[in-house]
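Engineer:
Residue numbers (our numbering): 482 to 776.
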């Protein structure tokens, strides 16, 4: 593990850029950027286009370590280059931004009010590749759709099971048991989730360090116990479908919680913008998210 990256993630000010849209979510990301599905004919062409978009974001002068601590990548992005350098190396060596990798393989069907992660059949190979590409940490996502205690317990147990394996491989995992922001019993689900996380942390060996990526809670400062826990490096928040304005407002009410936003960061970027327009829109978004993340 890179000690400088660890210290920066522990003490740095800023947010994490979520640039990890995978095969299923890439068409939507491209459409938001102004590229419709009928403008490409194959998956390879789709991944070429999303890499061009991500390259434009990451190489922009507005994408700076003064505001951004880390960036979460998809496998396809990690394995490609930016300005002649592997993406992970470019992020750290040229931008001072810590690289993370999305490692989950999607979600199971809804059961017990939740969607568990699919079995990670390629995790060992992916972690080997991540090591070769100088990746600092990982991220994996499952989703809670109701305040079902049994389902939430299963989600947390699964996240910790994989998380411990990832720690043993030399990475810092981000566990992401997302709570759907549109459910009626969101606050109740968050209470059950926090209790289950704290139970698992009590059983965790003292040398294992984790991060969490959680939906912005209904109750301000609800995750303070996790933020202050000695085995939790950082707790970051996903925008979860909130608009940029909503996400930033809600985040600012939660001290010590930092952003790991995708939609709220990228929503106003467009393929037809000039470089000057693109950079200014990205700068404005980064400034807003940064200010909310340092409360």
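All residues carry an ideal CB built from backbone N, CA and C; glycine is no exception.
By the 10 Å Cβ neighbour count, where 16 or more other Cβ atoms means buried, how is residue 566 classified, buried or exposed?
Structural biologist: With fewer than 16 other Cβ atoms within 10 Å, it is exposed.
Engineer: Mind checking residue 547: buried by the 16 CB within 10 Å criterion, or exposed?
Structural biologist: Under this definition residue 547 is an exposed residue.
Engineer: In three-state DSSP terms, what is residue 494?
Structural biologist: The answer is coil: DSSP assigns residue 494 none of H, G, I, E or B.
Engineer: Write down the C-beta distance between residue 639 and residue 604 rounded to the nearest angstrom, noting that I regard them as a contact closer than 8 Å.
Structural biologist: Not a contact, Cβ separation roughly 13 Å.
Engineer: As an exercise, report each continuous beta strand (DSSP E) stretch of at least 3 residues that is fully enclosed by the region 676-742, in chain order.
Structural biologist: Those beta strand (DSSP E) runs which fall completely within the region 676-742 and span 3+ residues are 691-696, 713-719, 739-742.
Engineer: I need the DSSP call for residue 652, collapsed to helix, strand or coil.
Structural biologist: Coil at residue 652, not helix or strand.
Engineer: Between the region 556-563 and the region 524-542, do at least 3 Cβ pairs fall closer than 8 Å?
Structural biologist: In short, these stretches touch, since the Cβ pair count reaches three.
Engineer: Does the structure place the region 763-771 close enough to the region 506-520 that three or more beta carbon pairs sit under 8 Å?
Structural biologist: Short answer: they don't touch.
Engineer: Taking the straight line between their C-alpha atoms, what separation do you get for residue 576 and residue 629?
Structural biologist: Between residue 576 and residue 629, the C-alpha separation is close to 42 Å.
Engineer: Please state the DSSP three-state secondary structure of residue 489.
Structural biologist: In the structure shown, residue 489 sits in a helix (DSSP, three-state: H, G or I).
Engineer: Taking only the alpha-carbon atoms, compute the straight-line gap between residue 593 and residue 728 and give it to the nearest angstrom.
Structural biologist: One C-alpha to the other measures close to 28 Å.
Engineer: Relative to the C-alpha of residue 590, which candidate in 499, 624, 486 has its C-alpha closest?
Structural biologist: Of the listed residues, the one whose Cα sits closest to residue 590 is 624.
Engineer: So who's on the other strand from residue 620, going by DSSP bridges?
Structural biologist: 583, 655, per the DSSP bridge assignment.
Engineer: Taking the C-alpha atoms as reference points, what is the distance between residue 506 and residue 492?
Structural biologist: Each residue's Cα considered, the two are about 32 Å apart.
Engineer: What is the rounded straight-line gap between the Cα of residue 762 and the Cα of residue 771?
Structural biologist: Roughly 14 Å separates the two Cα atoms.
Engineer: Would you call the CB atoms of residue 549 and residue 581 closer than 7 Å?
Structural biologist: No, Cβ-Cβ distance for residue 549 and residue 581 is not below 7 Å.
Engineer: Determine the direct distance from the alpha carbon of residue 676 to that of residue 683, and round the result to whole angstroms.
Structural biologist: Going from the Cα of residue 683 to the Cα of residue 676 covers about 11 Å.
Engineer: Taking just the CA atoms, how far does residue 627 sit from residue 670?
Structural biologist: Cα-Cα distance, rounded: 6 Å.
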